[in-house]
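Structure, as structure tokens:
Protein chains: 2
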Amino acid sequence: MTALQAPSAAPELLVHCAELVRPSLREAVGRLHPWMAEMAAYSFGWCEVGGAPTATPGGKGVRQALAVLGARAAGADGRAGIPAAVAVELVHTFSLLHDDIMDGDATRRRRPAVWKAYGTGPAVLAGDALFALAVETLAVVPQGARAVRLLSAALADLVRGQADDLLFTGRPCTGPDRVTVEEYRAMAEAKTGALLGCACALGAVLGGADEDMAGVLDRAGRHLGIAFQLVDDVLGIWGDPAVTGKPAGGDLREHKKTYPVLAALDSPAARALPELLHSPARAQEAAKLMEAVGGRTAALAEARTHTATARTLLTQTPLAAGAAEDLLTVLDFLVGREL
Amino acid sequence: MTALQAPSAAPELLVHCAELVRPSLREAVGRLHPWMAEMAAYSFGWCEVGGAPTATPGGKGVRQALAVLGARAAGADGRAGIPAAVAVELVHTFSLLHDDIMDGDATRRRRPAVWKAYGTGPAVLAGDALFALAVETLAVVPQGARAVRLLSAALADLVRGQADDLLFTGRPCTGPDRVTVEEYRAMAEAKTGALLGCACALGAVLGGADEDMAGVLDRAGRHLGIAFQLVDDVLGIWGDPAVTGKPAGGDLREHKKTYPVLAALDSPAARALPELLHSPARAQEAAKLMEAVGGRTAALAEARTHTATARTLLTQTPLAAGAAEDLLTVLDFLVGREL
Chain A
-12 MTALQAPSAA PELLVHCAEL VRPSLREAVG RLHPWMAEMA AYSFGWCEVG
38 GAPTATPGGK GVRQALAVLG ARAAGADGRA GIPAAVAVEL VHTFSLLHDD
88 IMDGDATRRR RPAVWKAYGT GPAVLAGDAL FALAVETLAV VPQGARAVRL
138 LSAALADLVR GQADDLLFTG RPCTGPDRVT VEEYRAMAEA KTGALLGCAC
188 ALGAVLGGAD EDMAGVLDRA GRHLGIAFQL VDDVLGIWGD PAVTGKPAGG
238 DLREHKKTYP VLAALDSPAA RALPELLHSP ARAQEAAKLM EAVGGRTAAL
288 AEARTHTATA RTLLTQTPLA AGAAEDLLTV LDFLVGREL
Chain B
-12 MTALQAPSAA PELLVHCAEL VRPSLREAVG RLHPWMAEMA AYSFGWCEVG
38 GAPTATPGGK GVRQALAVLG ARAAGADGRA GIPAAVAVEL VHTFSLLHDD
88 IMDGDATRRR RPAVWKAYGT GPAVLAGDAL FALAVETLAV VPQGARAVRL
138 LSAALADLVR GQADDLLFTG RPCTGPDRVT VEEYRAMAEA KTGALLGCAC
188 ALGAVLGGAD EDMAGVLDRA GRHLGIAFQL VDDVLGIWGD PAVTGKPAGG
238 DLREHKKTYP VLAALDSPAA RALPELLHSP ARAQEAAKLM EAVGGRTAAL
288 AEARTHTATA RTLLTQTPLA AGAAEDLLTV LDFLVGREL
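The listed protein sequences derive, respectively, from chains A and B. Going by our numbering, the first sequence opens with residue -12, and the numbers climb by one from there. Going by our numbering, the second sequence opens with residue -12, and the numbers climb by one from there.
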């Protein structure tokens, strides 16, 4: 695939990248213990419980696309980014499996979460298997050590972000111990931004990028990740469950300290909000109040800031022809749903 | 430390290696998110829940010792093996954290298991944090790519072995679907042998060993691991809980298909055994019958075979002066409890 032949509309671009990566991803998953391979295949939407083939919609495949486009940004063929794409998709799936256990989320992409379908213990182990497979995939490429360093740094961030996200749920809504929007930003960057940044940078490194270019792509991916998390937070409160596939008000019931919540709590007009947030039955009232005091608007404005920064990084860096445009297409697709 | 200065008695040798490794291990753990660092420190016996310092006995530190001795076997200073030692101790602790969740084991080293003390979700995440830290530790050494390849292969084996161990519990005691001793051996090698072999080989690689020497040390460690697992199985059934720190009959109640069970089931005189094994209250009767029909003897004989193979591999390979003796000292210590 050359840059110029790549389709430019986002869905086609994502499908194109997914098709490029799929054989290697399937080959990697096929090397797992059959039980682990089934849980992985279920997660990717390739099979049902029991192993019967199916084609339920999996993830959007944004991370694998960023890895392929990262390689192209460095002037290489998109195929050079395939091991990076496989590794980040495996890490993403590992983190979904384990996060659903930690968050008690019983549903993922309109199907039972892996821990619900297969049990908690097997889901923990399947996550571990995907994690190990991701590391193995990168360790055998020619730039293995550098690639594994990038991935393990992203993994450390991922864990750090998830730890903060879990700890935030136990912190109060008001007073000196409340979660600040700065803490939220650091959490979102670690939990969501690090792996998107890693996907871009890792693909670029496998495509021959120098430290500078890999660094810029990493930062662009991180800002994109924060913006995506903000949009996801907005959808988690005000989105249509039929579209998002997540139960309405789920984040509120889990006491997630998302940006819209934090921004709304900062408003003097939101004095009744802490009480509403502690009453699961009043989630809709809470959502209305948060919208009225500007929580939704503030979150979307913050998302726009990070999208703009990512855009600037991608347009002001000399990337291979067509690659910046395609990266921007993915960016618009990922955060454009509400912006 | 030179080979000749090393103490030769096993406890002193293990303490010596642990002291050599501890500063780097503590430094690595100190880089984790504070919450994750506390769970890691609790696992290592450095602190109580809440973080108050303590010095409860941690593990024996066999894996870190093998890594240090592996480096010395390659003719290097033991210190060259420290990153390998840190990585294998982190991986071992990660696997204990996750295995205790999967097996429902509430106690570890006479204290509540991490998932009991901190909750299942946090324990899953702490395991992930240790896993990522192990990879990160190796990725930055000069032989990073080769080291990470060895570690990720051991991790894949670890997961495969644990998957089989879990699946074996659901398989019948008799008939064509019963677990065979050959399947057991492959499971024990993957679950226990792979990381011991990796510890030796990884230390050797960091000490400058060639593929041949690393391969021999890996194989010796794998046989040692199988022997250790066999002895552990025997202790799990007939050991004194006051010494083993594990509840009496725990493995039997969990329907673990350990070698003594499989060997006893092969005896025509054990016709009553399947029924006893399905009755948790009759674990003592089952243990007595298994001993009478030779299950215990067969397991220990099998352990001796693997110990002998490991011994032959270590003595017939030209290793640096003193290193083979020290490796044999650790071997005798690890499996000698019952042999």
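Every residue, glycine too, gets a C-beta built ideally from N, C-alpha and C. From a predicted model like this one, the values you see are computed outputs, not experimental measurements.
Look at the beta carbons and you see the segment 137 to 155 of chain B touching the segment 170 to 181 of chain B: at least three pairs across the two are nearer than 8 Å.
Taking all protein chains in view, the Cβ of HIS265 of chain A is surrounded by fewer than 16 other Cβ atoms within 10 Å, so the residue is classified as exposed. Taken atom to atom, the span from the alpha-carbon of THR167 of chain A to that of VAL36 of chain A is near 42 Å.
In this structure GLY190 of chain A is in contact with GLY68 of chain A, their Cβ atoms being roughly 3 Å apart against a cut-off of 8 Å. With respect to chain B, the C-beta atom of ARG147 of chain A has a partner C-beta closer than 7 Å.
Distance from the Cα of ASP199 of chain A is smallest, within the candidate group A:ASP220, A:GLN303, A:PHE31, A:LEU249, for A:GLN303. Your pair ARG147 of chain B and ALA126 of chain A does not check out as a contact, with CB atoms roughly 17 Å apart and the cut at 8 Å. In the DSSP assignment, the residues bridged to ARG95 of chain B are B:ARG98. Short of 8 Å from the beta carbon of LEU1 of chain A, and not among the five residues preceding or following it, lie these beta carbons of its own chain, in chain order: LYS47, GLY48, VAL49, ALA52, VAL317, PHE320. Listed along chain A, the residues sitting closer than 9 Å to THR107 of chain B by beta-carbon distance are ILE88, MET89, THR107, VAL111. Cα atoms of GLU289 of chain B and VAL8 of chain B: separation of roughly 33 Å, rounded to the nearest angstrom.
Among the residues of chain A, those whose CB is under 8 Å from the CB of ARG136 of chain B are GLU123, ALA126, VAL127, GLY131, following chain order.
Annotation: the continuous alpha helix (DSSP H) that includes CYS187 of chain A extends over 181 to 193.
Exposed is the label assigned to GLY195 of chain B, since fewer than 16 other Cβ atoms lie within 10 Å of its Cβ. For ALA207 of chain A against ALA297 of chain A, the beta-carbon gap comes to about 5 Å, under 8 Å, which counts as contact. Chain B has a Cβ within less than 7 Å of the Cβ of HIS20 of chain A. With a cutoff of 7 Å on beta-carbon distance, SER139 of chain A and ALA119 of chain B are scored as near each other. Inclusion of ALA257 of chain B and ALA251 of chain B in the CB contact set at 7 Å is warranted, their separation being smaller than that value. Put simply, of A:ALA259, A:THR179, A:ASP197, A:ASP253 the residue whose alpha carbon is nearest the alpha carbon of ASP220 of chain A is A:THR179. Residues of the same chain with a CB within less than 7 Å of the CB of ALA273 of chain A, apart from the 5 flanking positions on each side, are LEU239, LEU260, LEU263, LEU264 in chain order.
The three-state reading of DSSP puts PRO70 of chain A in helix, counting H, G and I together.
If you check the CB distance, VAL322 of chain A and VAL248 of chain A do not come in under 7 Å.
The Cβ-Cβ distance between GLY17 of chain A and PHE31 of chain A does not fall below 7 Å. Residue range 168 to 175 is occupied by the alpha helix (DSSP H) that includes VAL168 of chain A.
For HIS85 of chain A, the neighbours in chain B by C-beta distance under 8 Å run, in chain order, VAL111, LEU112, ASP115. In summary, VAL280 of chain A is buried, with 16 or more beta-carbon neighbours lying within 10 Å of its beta-carbon over all protein chains present. With fewer than 16 other CB atoms across the displayed protein chains lying within 10 angstroms of its CB, GLY157 of chain B is exposed. Under DSSP, the beta-bridge partners assigned to CYS34 of chain B are B:PRO40. Around ALA140 of chain B, the beta-carbon contacts reaching into chain A at under 8 Å are GLU123. Burial check for GLY162 of chain B: the Cβ neighbour count within 10 Å stays below 16, so the residue is exposed. An exposed status is given to VAL230 of chain B, since fewer than 16 other beta-carbon atoms sit within 10 Å of its beta-carbon.
In this structure, the beta-carbon distance from ALA141 of chain A to ALA93 of chain A does not fall below 7 Å. For ARG269 of chain B, no alpha helix (DSSP H) segment is defined, and its DSSP state is neither H nor E. For chain A, the residues of the segment 147 to 162 of chain B that bring a beta carbon within less than 8 Å of one of its beta carbons are ARG147, GLN149, ALA150, ASP151, LEU153, LEU154, in chain order.
Counted as a single uninterrupted DSSP element, the alpha helix (DSSP H) harbouring GLU(-1) of chain A occupies residues -3 to 17. Excluding sequence positions up to five before and after LYS244 of chain B, its CB lies within less than 6 Å of the CB of PHE155, VAL166, all in the same chain and listed in chain order.
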